[in-house]
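Enquirer: Sharing a structure below in structure tokens format, with a few things to ask.
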Amino acid sequence: MGQRVLLIEDEPNIIEAISYILSKDGWTVHTHSDGETAMDKVLQGVPDLVILDVMLPGRSGYDILRDLRSDSATADVPVMMLTARGQAKDRDMAIRLGATHFMTKPFSNADFLESVRALATP
Amino acid sequence: MIERVLTGTRVRNRRLDLGLRQSHVAKEIGISGSYLNLIEHNRRRIGATLLGDLARVLEIDAGLLEDGTAASVLGPVSEAAASFPDISVEDARAEELVSRFPGWAALVAAQRARIIQLEARTEALSNRLAHDTQIATSLHEVISTATAIRSTASILVETPDLDADWRGRFHTNIDTDSARLAASSQALLGFLDMEMEGGAAQDASPLEQAEAVMAQTDFYLPQSETNEAAAFEAVQDSATHAILADWAKTSARDAAALPLTEFMQAARAVAFDPARLAARFQVPLDVILRRLIHLPDDADVPLMGLAVCDSAGVVTFQKPVLDFRLPRAGAACPLWPLYQSLSQPGRVLRRVLRLPGVARTPFECFAIALPAGDVAYGVEPRMIATMLVRLARNYDQLDVVGPGCRVCPVEACSARRHPSLL
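Just so you know, the protein sequences line up as chains A and B, in that order. Per my numbering, the very first residue in the first sequence carries number 1; after that it's consecutive. Per my numbering, the very first residue in the second sequence carries number 1001; after that it's consecutive.
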């Protein structure tokens, strides 16, 4: 597919696993681990998809999502939220702030890949 | 007079259930058959002595024949039926159930009460699991490592032709993460064991129950805007109700001082800055801090939490936000501005802090301690500290403050009381 995905996640081994899975599936994977500078990273080259962890150093994923949706350059970029929190209200908050999809950790690689493919721009 | 009707009817039903003749029972208790007939048809009141005699002959607890008992059982039995609308019950015969089978009816009522109690406790524990910073941080660590292990292990299993370098890296990752998982699981179990020994096995306190009720409203009471205090009619525990009523009263008073439309307009203009709002409305800062967390849900209102404590450090009100939540029972870190403000009454403290560990969200904290209540000669002021917490956007200095010593990994800390579980 060759589409670009930006993975914003701070767990090194999750980054490595996801990067491998997506690269093998044909995605060009960029990664970033710091919440505070995440928005700068996005704006350096708007990706086709953002995979965003909720609990990040520097800034919350919810806060970054809010900024993504309020910036015209990134307002329409699909965003998949990853979180260890799986309660309904966390999901509601992610969706309310504009997340395209919400995935609870831990997840199976097959489910994860299926969701990512579904979010790919045709 | 449902109760009076019930009493006579229940005497009659009980006698018939036992297969006793009216004349036999009347003779046993020393009254005429015709008088017992009047009683059974609810045309005569029954005195306590006579009721006791009837209960003895009818082999039943006198209390189960009494009017008040019938009423107290009938209500829960009806509630039990209403709580399972999918099950078709004979509503109209609830009174008959109570009168004919008082023991079974009492059992249904007792089970109903037990279910309500267990539901409340489950909700309180669930709320604690979701909001307790200590549990949330440990749980996040466990889930993160489990996620990494699961994804990595799946790759290894599902990719037989995996390059040797990748295979080696993934094996190393699994080894590292499994060690982390073991350590974090032990820490979590140790913490939960302490909770069970220390108090989580007990029912939630009235304060926790009140917080749970407020959480259901997202900490916004629309009645406050019209200077009405919310009623909380569904809350049965009197202590919890009193706490909620006090909060609602304060909320209504704050809303009266800071009308919603005007306040929201001003708040947006100054980016929800508490100090500038206090200057704009000429009110004490704690009023602004409280008002900011009692606003309707709106996209441009930042996520904000609040903690209030008395001069003993007991948290008397708390609205958690993201991973911020102070521990219960005075086990919190004294470095939080909430507690530091108590030694500097009237001074506004602003600090940007983050919790240690994986949850590294920066929080901007505004705290102030002010005297509460009436001022009088010879009366010591009652100090109340209030702290607003929100996500920090701009800051020069970011300090680390743990929720409490038990799960705080910061070793070189002057405030440490005892070693960390971590």
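Glycine included, every Cβ here is placed at the ideal spot set by N, Cα and C.
Please return the same chain residues whose Cβ sits closer than 6 Å to the Cβ of residue 1229(B), not counting the five positions on each side in sequence.
Expert: 1248, 1249, 1252
Enquirer: Taking buried to mean at least 16 other C-beta atoms within 10 Å of its own C-beta, is residue 1173(B) buried or exposed?
Expert: buried
Enquirer: Between the alpha carbons of residue 96(A) and residue 1242(B), how many angstroms are there, rounded?
Expert: When rounded, the distance between both Cα atoms is 34 Å.
Enquirer: Beta carbon of residue 1383(B), beta carbon of residue 1372(B): below 9 Å?
Expert: Judged by beta-carbon spacing, residue 1372(B) lies within the 9 Å limit of residue 1383(B), meaning their Cβ atoms are closer than that value.
Enquirer: Since residue 6(A) and residue 42(A) should fall inside the 8 Å C-beta cutoff, what is the C-beta to C-beta distance between them, to a whole number of angstroms?
Expert: Indeed, because the Cβ distance is near 6 Å, the residues count as touching under 8 Å.
Enquirer: Closest Cβ-Cβ distance between residue 1150(B) and chain A: below 9 Å?
Expert: Chain A has a Cβ within less than 9 Å of the Cβ of residue 1150(B).
Enquirer: If you compare alpha carbons, which of 105(A), 80(A), 107(A) is closest to residue 94(A)?
Expert: 80(A)
Enquirer: Any C-beta of chain B within less than 8 Å: which residues of the region 49 to 63 of chain A qualify?
Expert: 55, 56, 57, 58, 59, 60, 62, 63
Enquirer: In terms of DSSP beta bridges, what is residue 956(B) paired with?
Expert: Because chain B in this structure spans residues 1001 to 1422, residue 956(B) falls outside the shown range and cannot be described.
Enquirer: Going straight from the alpha carbon of residue 49(A) to that of residue 40(A), what length do you get?
Expert: 15 Å
Enquirer: Can you tell which of 8(A), 110(A), 113(A), 2(A) has the C-alpha that lies nearest to the C-alpha of residue 56(A)?
Expert: Of the candidates 8(A), 110(A), 113(A), 2(A), the one whose C-alpha sits nearest the C-alpha of residue 56(A) is 8(A).
Enquirer: How about residue 1010(B) and residue 1074(B): are their beta carbons less than 9 Å apart?
Expert: no
Enquirer: Counting C-beta neighbours from all protein chains within 10 Å, is the total for residue 1202(B) 16 or more, i.e. buried, or is it exposed?
Expert: At residue 1202(B) the pLDDT is 47, less than 50, meaning the model places this residue with poor confidence; the figure from the coordinates comes in the next sentence. Around the beta-carbon of residue 1202(B), fewer than 16 other beta-carbon atoms lie within 10 Å, marking it exposed.
Enquirer: Kindly identify the DSSP beta-bridge partner or partners of residue 1389(B).
Expert: Within the DSSP bridge table, the entry for residue 1389(B) names 1305(B), 1365(B) as partners.
Enquirer: For residue 1147(B), which residues in chain A fall below 8 Å Cβ to Cβ?
Expert: Ordered by position in chain A, the residues that pass the 8 Å Cβ test against residue 1147(B) are 11, 14, 84, 105, 106, 107.
Enquirer: Assign residue 61(A) to one of two classes, buried (16 or more other C-beta atoms within 10 Å of its C-beta) or exposed (fewer than that).
Expert: buried
Enquirer: Ordered along the chain, which non-local residues of its own chain (more than five positions away) have a Cβ less than 6 Å from that of residue 1012(B)?
Expert: 1040
Enquirer: DSSP three-state call for residue 1416(B): helix, strand or coil?
Expert: coil
Enquirer: Using the DSSP secondary-structure output, state which residues sit across from residue 101(A) in a beta bridge.
Expert: Partner(s): 80(A).
Enquirer: Classify residue 1418(B): buried if its beta carbon has 16 or more other beta carbons within 10 angstroms, exposed otherwise.
Expert: Exposed.
Enquirer: So the alpha helix (DSSP H) residue 67(A) belongs to, where does it begin and stop?
Expert: Taken as a continuous stretch (DSSP letters only), the alpha helix (DSSP H) holding residue 67(A) covers 61 to 70.
Enquirer: Starting from residue 119(A), trace the alpha helix (DSSP H) in both directions and tell me its first and last residue.
Expert: 109 to 119
Enquirer: When we look at the beta-carbon of residue 1337(B) and count the other beta-carbons within 10 Å, is it buried (16 or more) or exposed?
Expert: Buried: at least 16 other Cβ atoms inside 10 Å.
Enquirer: Exposed or buried, what is residue 1296(B) when buried is set at 16 or more other beta-carbons lying within 10 Å of its beta-carbon?
Expert: By the 10 Å Cβ count, residue 1296(B) comes out exposed.
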